[in-house]
Structures are given as C-alpha cells and as structure tokens.
Amino acid sequence: MVPLNKLSKVLKGHINESSVIEYIYDDNVTYQDYINVLSAHKMAVWELRGAEVYSEIVESIYRNQFSRDEELNKERDRLRERYPFRITERFE
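According to the working numbering, the stretch in the sequence shown is residues 1214 to 1305, in order.
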C-alpha cells in the first residue's frame, strides 16, 4: 500500500500514452478514500502536463493571432494524449 502523500509521485511513473489506472474497491473503502486517490491521480496528470516545455510554442502561437486557437488546441490535445487521465473501476 502506498501512503497518500506519495501516491501522486508513484502514479507519475505509470502514466503514459497507453496507461489506464484501475481503481479497485472493497467493502472497507470509504468515499473519502476514493476522493483522495482520484485527487492524487489528477494531480499526477496535471503535474506531468505542466512539466512539458512548450513555452516557446505557446509564445509563437500567441504572436500569430489568426491560427492561435487552433494551434493552442492542438498543443493541449497532444499533452492530453501523452498524459491521459483514464480509469477503470472494479468492486471486489
């Protein structure tokens, strides 16, 4: 079992283009446990996406106002594909 304060860091090592994280529940799992794991998972994905160096890309996108939205959306989609937030759930 991974301590909650280290869960986000552990999850970062498992998130990639093909990853799906499975949440497994049993009778002892509380709603707060679920929220804690969900939050750690979302934080891991958010930190991975934020660590990408795309400031140069964003800067060049903002200079070209005519294709700005399309280019920015492509960059966001690229990050979502590289670091997806995918889960499955199972009750045991």
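C-beta: ideal position from N, C-alpha, C; glycine also.
Measure from the alpha carbon of residue i to the alpha carbon of each residue in the options, then state which is nearest.
i: residue 1272; options: 1298, 1227, 1288; result: 1288
i: residue 1250; options: 1276, 1293, 1264, 1222; result: 1222
i: residue 1294; options: 1230, 1216, 1214, 1226; result: 1230
i: residue 1216; options: 1246, 1237, 1241; result: 1246
Quick one: what's residue i bridged to in DSSP?
i: residue 1243; result: Its beta-bridge partners do not exist; DSSP assigns none.
i: residue 1303; result: 1237
Among residues of its own chain, excluding the 5 on either side of residue i, which ones have a beta-carbon nearer than 6 Å to its beta-carbon?
i: residue 1296; result: 1228, 1258, 1261, 1262
Start and end of the alpha helix (DSSP H) containing residue i?
i: residue 1215; result: Run containing residue 1215: none; DSSP gives neither H nor E here.
If contacts are defined as beta-carbon pairs under 8 Å, then residue i and residue j qualify, I think. What distance do you get, rounded to the angstrom?
i: residue 1224; j: residue 1253; result: 6 Å
i: residue 1302; j: residue 1239; result: About 12 Å; that fails the 8 Å criterion.
For residue i, which residues from the same chain have a beta carbon less than 8 Å from its beta carbon, with the 5 sequence-adjacent residues on both sides left out?
i: residue 1299; result: 1232, 1233, 1234
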